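Colleague: The sequence shown: position 193 = 193 (the working numbering), numbered continuously.
Note that CB positions come from ideal geometry on N, CA and C, so glycine has one too.
Just so it is clear, the structure is predicted and the values come from calculations on it, not from any experiment.
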Amino acid sequence: MKLQMRRPDDWHLHLRDGALLSAVVPHTALRFARAVVMPNLSPPVTTTAAALAYRERILAAVPAGMRFEPLMTLYLTDNTPPEEIRRAAASGAVIGVKLYPAGATTNSDSGVTNIAHCAAAIAAIEETGLVLQVHGEVTADEIDVFDRERVFIEKVLGPVVERHPKLKVVLEHVTTADGIDFVSQARPGIAATITPQHMMLNRNALFAGGLRPHHYCLPVLKAERHREAVCAAATSGDARFFLGTDSAPHSRSSKESSCGCAGIFSAPVGIEVYAEVFEAAGRLERLEAFASEYGARFYGLPLNDDTITLEKRSWRPPAEYVAGEERIVPFRSGEPVAWSLVQDPS
Ligand code: DOR
Ligand code: ZN
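1) Rounded to the nearest angstrom, what separates L211 and W339 at their Cα positions?
2) Out of V134, T46 and P302, which one is the CA nearest neighbour of K168?
3) Looking at C-beta atoms only, is the number of pairs between the stretch 15-35 and the stretch 85-105 that lie closer than 8 Å three or more?
4) Does DSSP put Q197 in a helix, in a strand, or in coil?
5) Are there 16 or more other CB atoms within 10 angstroms of the CB of C261, so buried, or fewer, so exposed?
6) Just to check, is the beta-carbon of A248 closer than 7 Å to a non-hydrogen atom of the ligand ZN?
7) Nearest to H117 by CA position, among P82, R148, T106 and T139, is which residue?
8) For the alpha helix (DSSP H) containing Y294, list its first residue and its last residue.
9) Among E127, I122 and S254, which has the Cα closest to the Cα of V156?
10) Here's the rule: buried if 16 or more other CB atoms are within 10 angstroms of the residue's CB, otherwise exposed. What is F290?
11) In whole angstroms, give me the CA-to-CA distance for R148 and A64.
12) Return yes when the C-beta of T105 is under 7 Å from any heavy atom of the ligand DOR, and no when it is not.
13) Looking only at its own chain, which residues have a Cβ that is under 7 Å from the Cβ of Y216, when we skip the five neighbours before and after it?
14) For the beta strand (DSSP E) containing G96, list its first residue and its last residue.
15) Look up Y216 in the DSSP assignment and say whether it is helix, strand or coil.
16) Assign L21 to one of three DSSP states: helix, strand, or coil.
17) Could you check whether the Cβ of G334 sits closer than 7 Å to any heavy atom belonging to the ligand DOR?
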């Protein structure tokens with residue numbers, strides 16, 4: 001069985017820099033026309049100038065003969081001036097501003113300590129029509145790690161959306177029934193990206209037969225009822241939910257460590273695994289809109305006009321890929337994946 005579909009876009013992606021960037025970008029460019037590139041480099045991409053320079057490094061890493069358009073983001077800090085937001089919007093290359101609560105995840109130390117510090121910047125995001133892309137987790141020690149998304153929505157996101165009635169917001173990598181309900185009931189202009197792992201796995205996958213560092217990401221995998229809610233939203237045909245892999249490569253040694261990094265490197269299976277899970281849900285016919293239409297419409301961008309072809313043919317992603325001196329382990333490494341990408345002979 002073959003499935004030809006409009007070429008998809010990845011609305012949430014980590015590409016890193018240097019050798020890692022060169023190693024990972026071909027996997028995304030083979031499948032996706034465009035991707036929203038997260039700004040959590042070290043140091044973070046806090047200015048338009050840094051975003052444009054990063055964009056050039058990404059384009060330089062795209063193999064000859066492949067077309068790929070990085071859609072850049074700025075990293076919001078307590079001190080981002082509104083003028084920087086306006087510069088970013090005027091550049092035409094930056095499409096959103098990423099809100100990382102300080103300490104929430106990889107390279108988030110310069111993130112926002114208190115949303116009140118960002119009022120002027122958020123007003124500028126609202127006014128320019130850029131999108132606020134939100135890592136939706138509180139970081140307070142007393143809040144259980146599995147409740148962080150729900151509490152963030154109650155305490156931070158809900159009020160921000162009320163205070164800024166025209167602000168466009170993406171709740172990135174939504175993981176809970178609470179997040180799904182919030183977006184479903186919100187005013188227009190609020191959407192969410194959905195990763196393959198949060199559709200496919202519940203938190204048992206972190207402990208299956210032993211500790212599984214390659215299933216550790218943030219927000220962390222949740223209980224089965226949340227996975228079901230996320231999967232139902234993704235396959236519902238509701239245009240507010242669209243594809244964002246959150247592919248986040250880390251070296252094998254930094255994942256398999258006494259204090260392992262969060263992130264799942266899914267780019268090498270970045271569309272195939274969604275085909276699997278949509279098929280399992282009996283909703284394969286809704287994959288194309290989720291992967292190739294809803295995100296572009298939300299961001300006000302044209303749909304891609306070329307196609308990719310998937311084939312129902314099982315394959316096994318390798319144990320690891322080489323990236324300079326490092327090795328990176330892909331999602332579903334060594335396990336059968338039911339769908340394959342049919343590659344151009346050229
Ligand atoms: O698992 C994650 N990895 N979640 C994030 O929010 C960041 C990402 C990364 O950059 O590694
Ligand atoms: Zn991410």
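Modeller: Here's the rundown:
1) For the purposes of this step, residue 211 is taken as the residue at position 211 of the sequence shown. For the purposes of this step, residue 339 is taken as the residue at position 339 of the sequence shown. So the two alpha carbons sit approximately 27 Å from each other.
2) To locate residue 168, count along the sequence shown from 1; it is residue 168. Out of V134, T46 and P302, V134 has the C-alpha closest to the C-alpha of K168.
3) no
4) Within the sequence shown, the letter at position 197 stands for residue 197. Residue state, collapsed to three classes: helix.
5) For this step, residue 261 is matched to residue 261 along the sequence shown. Per the 10 Å Cβ criterion, buried.
6) Indexing the sequence shown from 1 puts residue 248 at position 248. Yes.
7) In the sequence shown, counting from the first residue as 1, residue 117 sits at position 117. Measuring from the Cα of H117, the nearest candidate turns out to be P82.
8) Along the sequence shown, read from residue 1 onward, the residue named residue 294 stands at position 294. Element bounds for Y294: Y294 to Y299.
9) Numbered from its first residue, the sequence shown carries residue 156 at position 156. When each option's Cα is compared against that of V156, the closest is I122.
10) Numbered from 1 along the sequence shown, position 290 holds the residue referred to as residue 290. Buried, by the Cβ-count rule.
11) Here residue 148 corresponds to residue number 148 of the sequence shown, with the count starting at 1. Here residue 64 corresponds to residue number 64 of the sequence shown, with the count starting at 1. Looking at the two C-alpha atoms, the distance is approximately 43 Å.
12) Position 105 of the sequence shown, counting from 1, holds the residue named residue 105. Yes, the Cβ of T105 comes within 7 Å of a heavy atom of the ligand DOR.
13) By one-based count along the sequence shown, residue 216 stands at place 216. Correct list, in chain order: L206, G260 and A262.
14) Indexing the sequence shown from 1 puts residue 96 at position 96. Here the beta strand (DSSP E) through G96 covers V94 to L99.
15) Taking the first residue of the sequence shown as 1, we reach residue 216 at position 216. Correct three-state label for Y216: coil.
16) Numbered from its first residue, the sequence shown carries residue 21 at position 21. Of the three classes helix, strand and coil, the one that applies to L21 here is helix, per DSSP.
17) Position 334 of the sequence shown, counted from the first residue, corresponds to residue 334. No, the Cβ of G334 stays beyond 7 Å of every heavy atom of the ligand DOR.
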